[in-house]
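One point on numbering: in the numbering used here, the residue at position 72 of the sequence shown is 67, and numbering is uninterrupted.
We treat Cβ as the ideally placed atom computed from N, Cα and C, and that holds for glycine.
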Amino acid sequence: MDESDDLQEICRTTTPPIQYATEDSYAMIRLVRAFNARRGRTLAAYTFDAGANCFIFTLEQDLPELVAMLMAHFPTNPDKFFFEDEKMKEVCLHTTAPEDCTNLIDYPKKSFEMLLESSVGAGVRLLGDEESLIKN
């Protein structure tokens, strides 16, 4: 997370400044940091792609609580959830965020464009339509 923050700071302080992070990006940073602080340990870590898209890493055992906390702050229709493991999706959908983690940041409650869950693997590979998690 420190390296991600450093890169954003470098972009902000260049001439001319480069601004790829959005207010939503900064909200995710604040939210993940507040969540970890509230839990007293690092349950989630963030990084960003070459844009404003936030990637959050967590252990499988912590995923339901993380997703529940995210949904408390960014309520999103489950139709926009794409999970590698449908059983885990159901577990996440039926998990309630701990009460002390439902209002960690002051930010408008808007939805994600999508929530995509996958395991960290061997890297990118092209999937055929029949294997894709996202159906057009």
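- Judged by DSSP secondary structure, F30 falls within the alpha helix (DSSP H) whose first and last residues are 18 to 34.
- Along the region 90 to 119, the beta strand (DSSP E) occurs as fully enclosed runs of 3 or more residues at 110 to 112, listed in sequence order.
- Assignment of T9 by DSSP, reduced to helix, strand and coil, places it in the coil class.
- As the crow flies, the alpha-carbon of Q14 is around 10 Å from that of I5.
- Taking one beta carbon from each stretch, the region 60 to 77 and the region 108 to 116 have 3 or more pairs nearer than 8 Å; the two touch.
- Across the set A45, D57, A29, K105, the C-alpha of A29 shows the shortest separation from the C-alpha of D95.
- With fewer than 16 other Cβ atoms from the protein chains shown falling within 10 Å of its own Cβ, P73 counts as exposed.
- Excluding residues up to 5 positions away in sequence, P73 lie with their Cβ nearer than 7 Å to the Cβ of L88 in the same chain.
- For A63 against T90, the beta-carbon gap comes to about 4 Å, under 8 Å, which counts as contact.
- Rounded to whole angstroms, the gap between the alpha carbons of T37 and N31 is 5 Å.
- Short of 8 Å from the beta carbon of R34, and not among the five residues preceding or following it, lie these beta carbons of its own chain, in chain order: C96.
- Spatial neighbours of F107 in its own chain (CB-CB distance under 7 Å, excluding positions within 5 residues in sequence) are listed in chain order as F69, T71, K75.
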